[in-house]
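Residue numbers (my numbering): -19 to 285. So the structure is just underneath, and the comments pick up after that.
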Amino acid sequence: MSKRINWSGVFPAVTTQFNDDFSINLEKTHQVISNVIRDGVSGLVVCGSVGENTSLSAEEKIAVTEVAVDAARGRVPVICGVAEFTSVQAAKVANAVRRVGVDGVMLMPALVYGSKPFETAEHFRYVARHADVPLMVYNNPPIYKNDVTPDILISLADCDNVVCFKDSSGDTRRFIDVRNEVGDRFVLFAGLDDVVLESLAVGAEGWVSGMSNVFPQEGETIFRLARAGRFAEAMPIYEWLMPILHLDARADLVQCIKLCEAIAGRGSALTRPPRLALPEEDRVYVEQIMAKALANRPVLPDVGL
């Protein structure tokens, strides 16, 4: 398997839509995914943190993945999040979604267990050995506590199907450290919305985005401008969107993103317990910054969307 893969651009971590009884609404999930593709995003991540992966059964994860593959129709890559308690189960799920037709898997460290660096590396190695699918290593230490450091990632350079690294640490220096050691061995993806411009400036080639569910054209425009070195044009859009992007760094990011989706008319705010609706003070805050953003929506330059 090639050590390089053609993933670039904005890949929204799309939401999973629920009915009032918290069962999955596959039709609405299909609609949400179809709409972000219509608006010009470059790829999709399903069953990520924003997709409420850990609140879904194995059967539900497969069903959501099938919906995404159907909605994409080969127009954009579809990557499925895999977040499991054990390495064995992670490999099983990775193979299962590969059979459904995904283009890759976004793999978390094993959940719950606070692994040591050599154990974290072995988890990714195990899945790489036992799952025939391109892997995006996903690092999100603020939320999931296990930190996939540059040293750990670099140690995986001999795993041919570990092809991509998504970093949500907020520390953009890590992209440079990785590239200094292994060149362009891994495709580098920004994973935290409110440092995306900085990430792109130091070499990230893609962006797994929460808030591009809500503002897909603006997100893709920021990305394309930055990749073209047109930072003077990107900055005003980035500054306008920043209060919204900050929501992606909160522990309740899923509730915030889904509420923003609902305000924008793009989806439902309903999340599956244990995630509950935002308390009134938080809800009002999100509504206020969304109202301001929508009232001051910028005219976007032409980037070929």
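Note that CB positions come from ideal geometry on N, CA and C, so glycine has one too.
- Taken through DSSP and simplified to helix, strand or coil, G199 comes out as helix.
- Our two residues, T201 and I59, have alpha carbons roughly 21 angstroms apart in a direct line.
- By the Cβ-count criterion, N33 is buried, with 16 or more other Cβ atoms from all chains shown falling within 10 Å of its own Cβ.
- Taking one beta carbon from each stretch, the segment -15 to 2 and the segment 174 to 189 have 3 or more pairs nearer than 8 angstroms; the two touch.
- Counting C-beta pairs with one atom in each stretch, the segment 214 to 222 and the segment 269 to 282 have three or more that are closer than 8 angstroms, which means they touch.
- For A101, the secondary structure class from DSSP, reduced to helix, strand or coil, is helix.
- Within its own chain, the residues whose Cβ lies closer than 8 angstroms to the Cβ of R255, once the five positions on either side in sequence are excluded, are E32, S35, D232, V234 and Q235, listed in chain order.
- Restricting attention to L239, S148, A212 and I132, the CA atom closest to the CA of I224 is found in L239.
- In this structure I156 touches V182 by the C-beta definition: roughly 6 angstroms separates them, less than 8 angstroms.
- The criterion of a C-beta distance shorter than 7 angstroms is not satisfied by A76 and A111.
- Within the segment 51 to 95, the runs of alpha helix (DSSP H) at least 4 residues long that lie entirely inside it are, in chain order, 67 to 80.
- The C-beta distance from Q197 to G20 rounds to 6 angstroms, short enough to meet the 8 angstroms contact threshold.
- Our two residues, T251 and Y118, have alpha carbons roughly 23 angstroms apart in a direct line.
- Fewer than three Cβ pairs drawn from the segment 97 to 105 and the segment 42 to 49 lie within less than 8 angstroms of each other, which leaves the two stretches out of contact.
- By the beta-carbon neighbour count (other beta carbons within 10 angstroms, threshold 16), S3 is exposed.
- Bridge partners of A257 according to DSSP: none are assigned.
- With distances taken between CA atoms, G247 lies nearest to S192 out of E260, S192 and P114.
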